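There are 4 protein chains.
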Amino acid sequence: MARITKSPEDRKEEFLETAMTLFDENGYEHTTVDMIVNRMGVAKGLFYHYFKSKEDLLDIIVDRLIVQTKEGIDSVAGKKELSCLRRMRELFDAISRMRRNSYALIDFFHEERNRQIHHAIESQVMKSLVPAFEEIIRAGIKEGIFDTKYPRETAIAFLSSTSYTGHLMKGKSDPKEIRRYMRFLQDYSEKVFGAKPGTLSFYMEYTEEAIKTIDKMKPKNGGS
Amino acid sequence: MARITKSPEDRKEEFLETAMTLFDENGYEHTTVDMIVNRMGVAKGLFYHYFKSKEDLLDIIVDRLIVQTKEGIDSVAGKKELSCLRRMRELFDAISRMRRNSYALIDFFHEERNRQIHHAIESQVMKSLVPAFEEIIRAGIKEGIFDTKYPRETAIAFLSSTSYTGHLMKGKSDPKEIRRYMRFLQDYSEKVFGAKPGTLSFYMEYTEEAIKTIDKMKPKNGGS
Amino acid sequence: MARITKSPEDRKEEFLETAMTLFDENGYEHTTVDMIVNRMGVAKGLFYHYFKSKEDLLDIIVDRLIVQTKEGIDSVAGKKELSCLRRMRELFDAISRMRRNSYALIDFFHEERNRQIHHAIESQVMKSLVPAFEEIIRAGIKEGIFDTKYPRETAIAFLSSTSYTGHLMKGKSDPKEIRRYMRFLQDYSEKVFGAKPGTLSFYMEYTEEAIKTIDKMKPKNGGS
Amino acid sequence: MARITKSPEDRKEEFLETAMTLFDENGYEHTTVDMIVNRMGVAKGLFYHYFKSKEDLLDIIVDRLIVQTKEGIDSVAGKKELSCLRRMRELFDAISRMRRNSYALIDFFHEERNRQIHHAIESQVMKSLVPAFEEIIRAGIKEGIFDTKYPRETAIAFLSSTSYTGHLMKGKSDPKEIRRYMRFLQDYSEKVFGAKPGTLSFYMEYTEEAIKTIDKMKPKNGGS
DNA sequence: CATGAATGAGTATTCATTCAT
DNA sequence: TATGAATGAATACTCATTCAT
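Residue numbers (my numbering), protein chains in the order written: chain H, 1 to 224; chain X, 1001 to 1224; chain V, 2001 to 2224; chain G, 3001 to 3224.
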């Protein structure tokens, strides 16, 4: 009825946000253009005013997520003046923050809810996250607190296992379980990075925040 | 035109094989019943002579893969008279063999090419693979060659990272890269399981076979 | 498995019976050839050994019902030596018996569960039932117990209303309701035929039988 | 090709009209969505722009017919200030008008061209038409021109027989036959309602209109 | 007489996309 | 910028019928 005209930027943004939410909820394939415009309360035609096609929209979203991810990661990676532990923690924070922005990307390593996203992301993420993490590991080796001959592979394997185990944790809300998991993660990390026990004690500090983060991830199926 | 009548078992098998191949190539959603029957050169109706629906077909495939997986894993898990290293190796062999049977399941930890498969498989695999692996780790601890306080979590994290890194290796055919990866894997495993360096030397023996396996995985995009 | 070879007549009969039952349960359109052969436990091909097509089967069934109906009616109509009341009663009995044979035909006036049956039957039934009833009315007029200028139309209207109201009664099993209905029917009939009150007292005798008949009609949805 | 955009109301109406016509011609089951859109000269998708499913369309049609029927009947039933004869006549007019709107409903008592329609309608019609007619009969009894102990049953039986005999008349166009039929109907009605001969003389006035009505009903089988 | 594998035309439904207003 | 009616290709599934064995 009421024809509300927004600025093009805002509208586009609104489309992007709505689509991301719906992609998260249903996956790309199972999200229809109708669902998007209905949730926004606008007409179908408007969608094609802003995007060439549904895939165009996807591309834009993926590009965005990649850029955001890269920025987040690079901002941490660049701080070479910080200690490797500090940078590691900030990297985890960055990843954690990314999660809030988008599930699609966060679960980059696992959630292949839709192949198309996956492909684009995988290569991109591997090009920024892994090198950044690798660099931190190398820094740690130089600092003498880490010890491994395979910094790159360790980065990959570690990111992979934490991402997956984190995935498993998503359903859990019992703080006890989470704390046990974090303690394990510290142990596991120290072994993998070749660090002395206790080196990565910041994990436990990180735990509480993680609990909250995980908490916020849950309310996923609460839509109408 | 030419009316070729096969035995129902063969035909059903043919459907299953064809469908699995196509699901691998395009995912469940993007594989149409038409694609399946066309590739087989039979009429559409025949599909519904053998399966109640497309989803029925999927269920059968998933069930099969799960059963095969379970059988492979359980056959290894049961051999408690063997040393933990021997069983570990046999478990890897079993997993490797599963890969040949089906990508869908192999990538159980990652490929969520289709959610429906993923869900069914994840729980099933977690119920058989992880406990089996956990048990082996516990056996290793008793034997005094492993040392970790978190056998279960280690099992999960380890399977997850190897599965994923293996996933990354799929594209690679350079034996050098593969050997480097396997050397890393040995190192990583020894750290994670709390084993002395050299304990898991069987990895390198395993490498050659893995190279062949990975080789066979490649011809994937040879379709239309 | 066991290949049971029956005489062609028996088999055909079995098909006819099974089909009639299923047509009653689901209607012609919603009864598939598969349903018929499955219920009989024979192969699909056998159906086409006995019938040219599904419609061929229907034609045969309809023809049969019509012949049976005619025979039943004519056997009553022919007994011109009996009193009109006696013949009327026998006609009702005949109709009632027909009901047991087949719902499709019984409800000839109403149940147009399938058009094709309806058409064939309507003309046929009108050609035998109505004239037979008309003749009885005329006999009643001659006997001096009925009085109407429109024997044929009265026959049609009467058969129509009783058939329909009977249709409504099907669901009812309360004897009280049924008896009230029968009392009304007597009253209604006497008026319509121009008979003195009490003339058609045989209705009430007929009631108990009707109750049983109706009782047997009910278990219709008790299938698997 | 030519993209003609109509107002949604008109389009929906057009769908409804076209569908009703086709349902009348072929029955619900044998009317395909393709037939509807082809007759309208629009694309298939448009159908689903206006209706959730074919059954949704049916529901809407049935609801409409029921509402129209009810309204027609209730408008007559409410006029309690009029004489019972006047109301009876108006009720017949209302029924007659309904016929023009829809065969499906008109033949409410008989046409079970499709069970789904039948069920919904039967109960609805029974809930409005029968009570309305019953009430008129009771009014007639009070006025002293009718006499029966079973107003409700008489209403049912009468409506049933007239509806059916009317159904039979459909094919007839010979005014002589029709007039004879109407004369019979008057006689029959007077008997059934317990009225004195001549009471329902309005029937004959009604006849001419009925002839026209029946005339319009005929062109039915002019399809493929 | 009997089997059941195989056929293929038909049917409802979905959904990205276009376009006149 | 905004609307939503209109398009049409694609897709899963049904079922009467055929035919080699």
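Backbone N, C-alpha and C define an ideal beta-carbon position, used for all residues, glycine too. Only a predicted model underlies this, so the values are computations on that prediction, with no experimental measurement involved.
N-terminal and C-terminal residue of the alpha helix (DSSP H) that residue i is part of
{"i": "residue 42 (chain H)", "result": "First-last for residue 42 (chain H): undefined, no H or E at that position."}
{"i": "residue 2064 (chain V)", "result": "2054-2077"}
{"i": "residue 3011 (chain G)", "result": "3008-3026"}
{"i": "residue 176 (chain H)", "result": "175-193"}
Within chain G, the residues that residue i reaches when beta carbons sit closer than 9 Å
{"i": "residue 2048 (chain V)", "result": "By Cβ distance, chain G contributes nothing, its closest Cβ being about 23 Å from residue 2048 (chain V), past 9 Å."}
Proximal residues of chain G, C-beta to C-beta of residue i below 8 Å
{"i": "residue 2181 (chain V)", "result": "3153"}
{"i": "residue 2194 (chain V)", "result": "3191"}
{"i": "residue 2188 (chain V)", "result": "3150, 3153, 3154, 3157, 3192"}
Chain-ordered chain X contacts of residue i [CB-CB under 8 Å]
{"i": "residue 133 (chain H)", "result": "Those do not exist, as residue 133 (chain H) stays about 13 Å from chain X at its closest Cβ, beyond 8 Å."}
Contact list for residue i against chain G, beta-carbon separation under 7 Å
{"i": "residue 2184 (chain V)", "result": "3150, 3153"}
Quick test of the definition: if touching needs 3 or more C-beta pairs under 8 Å, does the region 3032-3042 of chain G touch the region 3062-3075 of chain G? no
Compile a chain-ordered list of the residues in the region 2020-2049 of chain V whose CB is closer than 9 Å to at least one CB of chain G. Residues of the region 2020-2049 of chain V with a C-beta atom less than 9 Å from some C-beta of chain G are 2027, 2029, 2030, listed in chain order.
Contact residues within the region 2136-2150 of chain V, judged by C-beta distance below 8 Å to chain G: 2148, 2149, 2150
Across the region 1138-1158 of chain X and the region 1174-1181 of chain X, are there enough close Cβ pairs to call them in contact, namely three or more that are closer than 8 Å? Cβ pair count under 8 Å is below three, so no.
Is the region 2076-2093 of chain V in contact with the region 2130-2150 of chain V, if contact means three or more CB pairs nearer than 8 Å? Proximity of the region 2076-2093 of chain V to the region 2130-2150 of chain V meets the contact definition, three or more beta-carbon pairs being nearer than 8 Å.
Per the contact definition of three or more C-beta pairs closer than 8 Å, is the region 1015-1030 of chain X in contact with the region 197-211 of chain H? Contact between the region 197-211 of chain H and the region 1015-1030 of chain X is absent, because fewer than three Cβ pairs lie under 8 Å.
With contact counted as at least three CB pairs below 8 Å, one residue from each stretch, are the region 3185-3193 of chain G and the region 2182-2201 of chain V in contact? yes
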